[in-house]
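Notes follow once the structure below has been shown.
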Amino acid sequence: MKDCKQQWWKEAKFGMFIHWGLYALLAGEYNGKKTSNIAEWIMHDLSIPVEEYEKLAARFNPTAFSAQRIVKLAKDTGMKYIVITSKHHDGFAMYKSQCSRYNIVDATPFGRDPIKELAEECEKEGIKLCFYYSQAQDWHDPNGFEEGTDNEGKDFRKYLDEKCIPQLRELLTQYGDIGLIWFDTPMGITYEQSKELKELVHSIQPNCIVSGRIGNDLGDYMSTGDNFIPLLPYEGDWEVPATINNTWGYKKTDLRWKSADKLLRNLVKIVSRGGNYLLNIGPDGEGNVPEESVKVLGQIGEFMRLNGESIYGAHPVPFYPYDIDWGYFTCRKGKIYIHVFDDIEDVYILNIANTPKRAYILADHTPLQVVTRTTCEGDSSWRIAWPEKRMKQIDTVICVEMEEDEPIFEPIR
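Whatever position you read off the sequence shown (first residue = 1), add 4 for the numbering used here.
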């Protein structure tokens, strides 16, 4: 069972992932050929030569980028931390790197350090800044790993010593307090190398969390597969990295945007099972966040402003023996939150011995009556009726208060 030992992360529950790099300029298409895969893998998938891909830097001038707007978007959505790609598999650093001039400050007409700007805004707004860093794959460095190629003849140690480790040191010393380093695709990295990177992070910033994808089961928490939500509550600290459409980096042809209803269901489902939700945006080549992402995050933000208590610092309930298809449960000491997504007449909770003290709709504190009864089968149950008029929400959250020392969903013996 993983324990990241950082209370801020355990309580945050909701973060923003940002995939942004040179690939945003291509938007999923190179020389008239469209990639069928996720956009940030276009260099690899369309076999773009290093010398050709490098030329993108001369055209990368994302003057529409605004750290202030992005941090405000995260905060207004109810997200507590931001994870941005400081270097993805294409090897291009999205910050001012001293060990490689292949970076956004030195190699582009933009000439600004967006990581520095984000760090300043995050500190101002109370958002934890975190970095994604591709520790094993680097398609630009001749000694970095690449999926689907023969990596046997590469001097991976040279890559670690001359690029990976120096860049991690830069990220951990130049931008203040960093919440976590989000490693990815460990591939052939050895146990000793993963351990070395983890110890490096903790030696510079002891409270900085290391993601599960550092490899060799050495992460401080467990990262699931992309967009994968465990079927049942999962013990320990874990996180689901997820997309709003079907790609991570910007892809102009991917218009399969998930609805606010779908994303909110995912968030509540994940929290109800004990995890965090890291939801991605992919700014375009000019630095704009797609309007579809802004719109759906705005709807989620409206919910979080009224119902955040049922998410932040909330826990899964113990195993509940009935299949509830209309919603989910979260809880904290002395309170249970019933998340109702579907339009049902009344809310029934069966096989529960808890005694409710009071109940109300969380968003506006409209009082509700909880009728307790014993069914003909001998089970104790709750019946909660809706008021005549109630606020229309994607997820109507009912808060039921109980004795603080009473176990949640204490089963009938």
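All residues carry an ideal CB built from backbone N, CA and C; glycine is no exception. Since this is a predicted model, take the numbers as computed values, not measurements.
Asked	Found
Under the three-state reduction of DSSP, which class applies to residue 319: helix, strand or coil?	strand
Please report how far the alpha carbon of residue 22 lies from the alpha carbon of residue 357, in whole angstroms.	44 angstroms
Cutting at 7 angstroms between CB atoms, please list the residues of its own chain near residue 150, excluding the five before and the five after it.	48, 141 and 143
What separation, rounded to the nearest whole angstrom, lies between the Cα atoms of residue 387 and residue 317?	27 angstroms
Below 7 angstroms CB to CB, which residues in the same chain sit around residue 256 once its five sequence neighbours on both sides are set aside?	31 and 32
Once you ignore the five residues that flank residue 90 on each side, which residues in its own chain have a CB closer than 8 angstroms to its CB?	97, 98, 99, 119, 135, 136, 137, 171 and 175
Determine the direct distance from the alpha carbon of residue 50 to that of residue 36, and round the result to whole angstroms.	11 angstroms
For the stretch 179 to 253, which segments carrying the beta strand (DSSP E) assignment without a break, of at least 3 residues, lie completely within its bounds, in sequence order?	184 to 187 and 242 to 246
Beta carbon of residue 372, beta carbon of residue 364: below 8 angstroms?	yes
State the DSSP-derived secondary structure class of residue 10, mapped to helix, strand or coil.	coil
If you drop the 5 nearest sequence neighbours on each side, which residues of the same chain put their C-beta closer than 7 angstroms to that of residue 296?	261
Quick one: what's residue 335 bridged to in DSSP?	319 and 340
Under the DSSP definition of a beta bridge, which residues are partnered with residue 283?	20 and 246
Across which residues does DSSP place residue 386 in a beta bridge pair?	353 and 376
Just confirm the distance between the C-beta atoms of residue 401 and residue 314, as a whole number of angstroms; I'd bet it's less than 8 angstroms.	5 angstroms
Note down, in chain order, each residue of its chain lying with its Cβ closer than 7 angstroms to the Cβ of residue 330, except the 5 sequence neighbours on either side.	344, 345, 346 and 348
Here's the rule I'm using: 16 or more other beta-carbon atoms within 10 Å means buried, otherwise exposed. How should residue 184 be labelled?	buried
Relative to the alpha-carbon of residue 244, which residue among 302, 276 and 288 has its alpha-carbon at the smallest distance?	276
In the DSSP assignment, find the beta strand (DSSP E) that holds residue 404 and state where it starts and stops.	400 to 405
Is residue 139 helix, strand or coil when you go by DSSP?	coil
Rounding to the nearest angstrom, what Cα-Cα distance links residue 104 and residue 111 in this structure?	10 angstroms
Residue 207: buried (16+ other C-beta within 10 angstroms of its C-beta) or exposed?	exposed
Between residue 274 and residue 225, what straight-line distance do the alpha-carbon atoms span, to the nearest angstrom?	15 angstroms
Residue 66 and residue 291 look like a contact to me (Cβ under 8 angstroms); what is the Cβ gap, rounded to whole Å?	3 angstroms
For the stretch 63 to 143, which segments carrying the alpha helix (DSSP H) assignment without a break, of at least 4 residues, lie completely within its bounds, in sequence order?	71 to 81 and 118 to 129
Going by Cα to Cα distance, which pick from 231, 127 and 83 is closest to residue 250?	231
Hey, does residue 157 have any beta-carbon neighbour from chain D nearer than 8 angstroms?	This model lacks chain D altogether, as it is built from one protein chain only.
Pop quiz: residue 95 and residue 106 are said to be a contact at Cβ under 8 angstroms. What is the actual Cβ separation, rounded to whole angstroms?	6 angstroms
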